[in-house]
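First comes the structure, then the notes that go with it.
Chains as they are written, first to last, in the numbering used here: chain W, 169 to 487; chain G, 195 to 507.
Here is the structure:
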């Protein structure tokens, strides 16, 4: 360390007995430094996250409309919550969200784990390939989602062409984003394309954390490869896999940008995820009070599910 | 390693794994290759069927991206002076004249200003907080850290409702400052968690030695800890930058003109009869390339960044 001052014994002696005044000016106590360092971050979070959250809770009990701020504010109690929870349309968006959540997690875990397992064979060039495979997940979901609408075009798109090329189904006979039955899968495909590398990276870290000697011991005990895989590899990667699922689960529950640019919630309401529905209520119909209640319900749901999940994750880790 | 090892995969299994992963890589990179190549196609080439893999490259897409144009009749074109440069020539050949620069440049610049501004602020505040959390006894430390993380669980649209109202009151709607503060508020949790991990890894002995040598706590932080944490700070900064760069939900709801960033703008690039795909692809290429380069630079710390420091390699 070149920054350390030269410390001859004389220097040290001189510094060990500084004038009392100098000491006062120079050194703030650790405690005050800790507060000075943490305070700005906490203040910013209070301003950008907590204050808005409290405001949302307050608004959720009113009939406030942001496009008519001067109308008299009426307290409606829990009526917004009641209306949301009994609205069949809301339950339909929840279903669309659940479909999206389940299948994206399913495919991403399957593909991500398989890829990690293959990459862990340590073939030549695996580092370079990992870096290239990871690229999609770092890109802007909005820009990428917009471009996928081009790939999904029925007449000219690459995807439809590829489907025709492989299966012989005419490319112009189906529209991935325009069909009620295909659109929910079209968004699952794009999300899986984007986020499989995320699960892969975390699984790879899990696989690499397993020490070699465990396998050597199993080999001596003549455990079959199959058995080794299920009794050693899978349990040891499981905490990592669960962590990946937690992150993806939270993100996809909040999913907005990618899907809004792919389908905008359509056709019909088949891909209307809850965040997109929330955006419509809040910024197109301007039902601010109602959508605030909706926002709180979503937040409580994701927070509750995540807390339960983290408990389960910690149990798995302890084993 | 010995000649035979239970853990070294056989040559055959390596070959199979390598082939399968290569196959996945080719398929997964195809859309990206398609974005980049479409940027260099002409309008008709971009929508030809079957899709053209081999085509004569053109910079029409980039010209369209950066200019606003209008149609001109042949008579009007005949009265115009001959094209001064290749850009005019491309445009006039299609019967159009350039009316001025497009908004893409401004939007891109907004992305740069807001991205770098919020990254700088997140890193500045985050480093201080992370150091305090790493080295001192902060009351309710674990609760505060969890609180910082939980702010990430809010759906962005849910946060956007009150932020929209708040910014309207404060006059921060559609301003660079407003967006910088907002993105800092979102990024700070990532910055604190990642940086705390990096600072935890620096041995305390270095600072203690500096303190004994007469440094104040603050000097020790600045001259000993910061240089040691430089790599961690740099990679955290890149993660914050990428988030702010890619963000769409807040940008589309809270900005419309002055402070609009590129992600809400690129999908609105329209040509005659629908989206102008070569121009969209050109914009996407320019927008995505920096992130691709950063990802390759970051590859060693990637895992840490995406898991908030929960998984370290």
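Glycine included, each C-beta is placed from N, C-alpha and C at the ideal position.
Predicted model only: the values in this text are computed from it and were never measured.
query	result
Check the DSSP bridge columns for residue 464(G) and list the partner residues they point to.	469(G)
For residue 396(G), which of 377(G), 408(G), 375(G), 426(G) has the nearest alpha-carbon?	426(G)
Taking buried to mean at least 16 other C-beta atoms within 10 Å of its own C-beta, is residue 433(G) buried or exposed?	buried
With DSSP collapsed to three states, give me the class of residue 162(G).	The requested residue 162(G) does not occur in the structure, where chain G is confined to residues 195 to 507.
At which residues does the beta strand (DSSP E) containing residue 262(G) begin and terminate?	261-265
Give the single residue among 459(G), 385(G), 429(G) whose Cα lies nearest to the Cα of residue 297(G).	459(G)
Between residue 447(W) and the rest of its own chain, which residues show a CB-CB distance below 8 Å, the 5 nearest in sequence each way excluded?	424, 428
Please tell me whether residue 418(G) and residue 442(G) are closer than 9 Å, where the distance is taken between their beta carbons.	no
Which two residues bound the contiguous alpha helix (DSSP H) that contains residue 253(G)?	Where residue 253(G) is concerned, there is no enclosing alpha helix (DSSP H), given that its DSSP letter is neither H nor E.
Using 10 angstroms around the beta-carbon of residue 323(W), count the other beta-carbons present and answer buried if the total reaches 16, otherwise exposed.	exposed
So which of 378(W), 308(W), 451(W) has the shortest CA-CA distance to residue 408(W)?	378(W)
If you follow the alpha helix (DSSP H) that residue 218(W) is part of, which residue opens it and which one closes it?	Where residue 218(W) is concerned, there is no enclosing alpha helix (DSSP H), given that its DSSP letter is neither H nor E.
Within 10 angstroms of the Cβ of residue 475(W), are there 16 or more other Cβ atoms? Answer buried if so, exposed if not.	exposed
Could you list which residues in chain G have their beta carbon closer than 8 Å to that of residue 329(W), in chain order?	243, 244, 245
Any idea what DSSP makes of residue 384(W), helix, strand or coil?	helix
To the nearest angstrom, report how far apart residue 271(W) and residue 261(W) are at their CA atoms.	15 Å
Looking at chain W, which residues of the region 337-360 of chain G have a Cβ within less than 8 Å of any of its Cβ atoms?	338, 341, 342, 344, 345, 346, 347, 348, 349, 350, 351, 352, 353, 354, 355, 356, 357, 358, 359, 360
Against chain G, with Cβ distances strictly below 9 Å, would residue 335(W) count as a contact?	no
Taking 9 Å as the CB-CB limit, is residue 386(G) close to chain W?	yes
So residue 230(W) and residue 242(W) are in contact, right, with Cβ under 8 Å, and what is the actual spacing, rounded?	6 Å
Are there three or more Cβ pairs, one per stretch, closer than 8 Å when the region 343-352 of chain G is compared with the region 460-472 of chain W?	yes
List the residues of chain G whose Cβ lies closer than 7 Å to the Cβ of residue 256(W), in chain order.	Neighbours of residue 256(W) on chain G: none; closest Cβ ~22 Å, over 7 Å.
Any heavy atom of the ligand PLP closer than 8 Å to the Cβ of residue 362(G)?	In the structure shown, the ligand PLP is absent, as is every other ligand, since no ligand is present at all.
In angstroms, rounded to a whole number, what distance separates the CA positions of residue 450(G) and residue 453(W)?	18 Å
Suppose you measure from the CA of residue 186(W) to the CA of residue 312(G); what does that come to, to the nearest Å?	The predicted model places residue 186(W) with a pLDDT of 48, which falls under 50 and marks its position as unreliable; any figure quoted below should be read in that light. One C-alpha to the other measures close to 41 Å.
Would you say residue 429(G) reaches chain W, if we count a Cβ-Cβ gap shorter than 9 Å as a contact?	no
Contact defined as beta carbons within less than 8 Å: I believe residue 355(W) pairs with residue 268(W). What is the distance between those atoms, to the nearest angstrom?	6 Å
CB-CB under 6 Å to residue 320(G), same chain, minus the five flanking residues each way: which ones, in chain order?	382, 385, 386, 389
Measuring only the C-alpha atoms, how far is residue 358(W) from residue 480(G)?	21 Å
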